[in-house]
Amino acid sequence: MEIKDKLDLDKNGTLVDATKYRRMIGALIYLTSNRPDIVHATCLCARYQAKPTEKHLSVVKRIFCYLRETVNMVLWYTKDSGFELTGFSDVDYAGCKDTFKSTSGGIQFL
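Here the numbering used here is used: the first residue of the sequence shown is 11, the next is one more, and so on.
Written out as structure tokens, the structure reads:
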């Protein structure tokens, strides 16, 4: 899943119910254990739990729509396949548009 525009703080946006937003983010974080395709988008949305706006909520709803459309997409491991673990990491210096903090991340492939 890809988010086309970078999310930002959206200070002029209409605030939404933060409790509802946090519950939705919590559900998405729970699903990331089986759906690695939503990890990046979910973590981006999780940054704005303090003051979520309509813009942030629409992205979260879009993730849920994506999940509904790809409900048959699952992880499948066979016992006979030989796995090789490969890892990568990346850093984005001052990549946050609001605080100019750096962001780091990593990914592992089996």
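Even glycine gets a Cβ: it sits at the ideal position worked out from N, Cα and C. The structure presented is a predicted model; accordingly, all values stated were derived computationally and were not measured.
Of the residues PHE110, LEU17, ALA104 and LEU120, the one placed nearest LYS89, counting alpha carbons only: LEU120
Sort out for me which residues DSSP pairs SER99 with in a bridge. GLY116
Please list, in chain order, all residues of the same chain as SER112 whose beta carbon is under 7 Å from its beta carbon, the five residues on each side excluded. VAL101, ASP102, TYR103, ALA104 and GLY105
Counting C-beta neighbours from all protein chains within 10 Å, is the total for MET83 16 or more, i.e. buried, or is it exposed? exposed
Counted within 10 angstroms of its Cβ, other Cβ atoms place TYR130 as buried (16 or more) or exposed: Nothing can be reported for residue 130, as the shown portion of the chain is limited to 11 through 120.
Short of 8 Å in beta carbon distance, which residues of its chain neighbour CYS55, apart from the five on each side in sequence? Order them along the chain. LEU17, ILE35, LEU38, HIS66, VAL69, VAL70 and ILE73
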